[in-house]
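The block underneath contains the structure these notes are about, expressed in structure tokens.
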Amino acid sequence: MRFALNQMGFPEEGLLENARLLADAGYDGIEPNLTADGPLWDDEFVEELADELERLGLDVPAISTTLHWERRLSAADDETRAAGIDAGERMLEVAEELGSGAVLIVPAVVDERTPYDEAYDRALDSVRALAASGADRGVTVCVENVWNDFLLSPLEFARFVEAASDAGPVGAYFDVGNVKRFGYPAQWIRILGEHVERVHVKDYRTDIDTMGGFTYPLEGDIDWTAVDEALAEIGYDGWITAEVSPYRTAPERLPPRLRADLEHLFS
């Protein structure tokens, strides 16, 4: 396995500063997020980041974003959906420049005003459009399971990925912690099988059972032995990327401590 930390957990402000910190802590990679006004829109900065990552010996497992919660790929409004696709296209550009093989997207958001079946069809069209661009760049579009009331079973998740893959490379960015409230992570891993392209890890406390239940690996109720065994069964030996919040106190202590825990869980 190779270990990385998502930008959500960075203790410092800048990507360059955090890259150096992660390299010092022994990570293999860094996962930056495309934000509304962040530096990944700047071509010159992306080139600078690529040079620094090469110097540090760090790779990029994926480019992620939270923009698709607002610029929804399943939106009925054409302008909103187009903005989401534009964000995805920029992620693909950055991924190619940084030598990353994947981007992480949230394919849809279902709510009281957005019928599930309509969201499904529009999300599928959007993901196919991005997959076609990804094919030209050698980048896989990875759909993540999140708390968006969409793709609520591993069977449906697998079928969605398969349906979108006719346009280009599409896979699953499986988030272990996001599943715990609704199912069993090891079961999802086995059912998704070869579709698993990337893995996010965080833990979840069932006694809290809300968004506040997310916590650091080894501090919740996930059966990590079962997760590790399931990943081995499907032949997965790729990226394990932690997606957790920084410590409130001494945030610089998170990366090295978390890196040691990841090694313990997946070595």
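Going by our numbering, the residue at position 40 of the sequence shown is 40; the numbering climbs one at a time, nothing skipped.
Glycine included, each C-beta is placed from N, C-alpha and C at the ideal position.
(message) If you follow the alpha helix (DSSP H) that Asn178 is in, where does it begin and where does it stop?
(response) Val176 to Val179
(message) How far does the beta strand (DSSP E) with Trp188 in it extend, from its first residue to its last?
(response) Note, Trp188: premise wrong, no beta strand (DSSP E); alpha helix (DSSP H) at Pro185 to Leu192.
(request) Can you grab the Cα-Cα spacing for the pair Ala172 / Trp147, in whole Å? (result) 15 Å
(message) Determine whether the beta carbon atoms of Arg259 and Ala25 lie at a separation below 7 Å.
(response) yes
(message) Measuring straight from C-alpha to C-alpha, what distance separates Lys180 and Tyr204?
(response) 7 Å
(message) Which same chain residues end up closer than 7 Å to Leu16 when comparing Cβ atoms and leaving out the 5 residues on each side of it in sequence?
(response) Leu49 and Glu52
(request) Mind reading off the beta-carbon distance from Asp28 to Phe10? Whole number of angstroms is fine, and I expect it under 8 Å. (result) Between Phe10 and Asp28 the Cβ distance is about 16 Å, and since that is not below 8 Å, they are no contact.
(message) If I follow the unbroken alpha helix (DSSP H) through Ile85, where does it start and stop?
(response) Asp78 to Glu97
(message) Could you give the first and the last residue of the continuous alpha helix (DSSP H) run that contains Asn18?
(response) Leu15 to Asp24
(message) Between which two residues does the alpha helix (DSSP H) holding Arg248 run?
(response) Premise fails: Arg248 is in no alpha helix (DSSP H) and is neither H nor E.
(request) Pull up the CB-CB distance for Pro217 and Leu262, whole angstroms please, since I reckon it's below 8 Å. (result) 7 Å
(request) Would you mind sorting Arg198 into buried or exposed? The rule is 16 or more other CB atoms within 10 Å of its CB. (result) buried
(request) Say whether the segment 137 to 145 touches the segment 154 to 169, bearing in mind that this needs 3 or more beta-carbon pairs closer than 8 Å, one atom from each stretch. (result) yes
(request) Would you kindly work out how many angstroms separate the C-alpha atoms of Ile105 and Pro256, rounded to a whole number? (result) 28 Å
(request) Just mark Leu91 as buried or exposed, buried being the case when its beta carbon has 16 or more other beta carbons within 10 Å. (result) The residue you asked about is not Leu; residue 91 is Met in the sequence shown. With 16 or more other Cβ atoms within 10 Å, it is buried.
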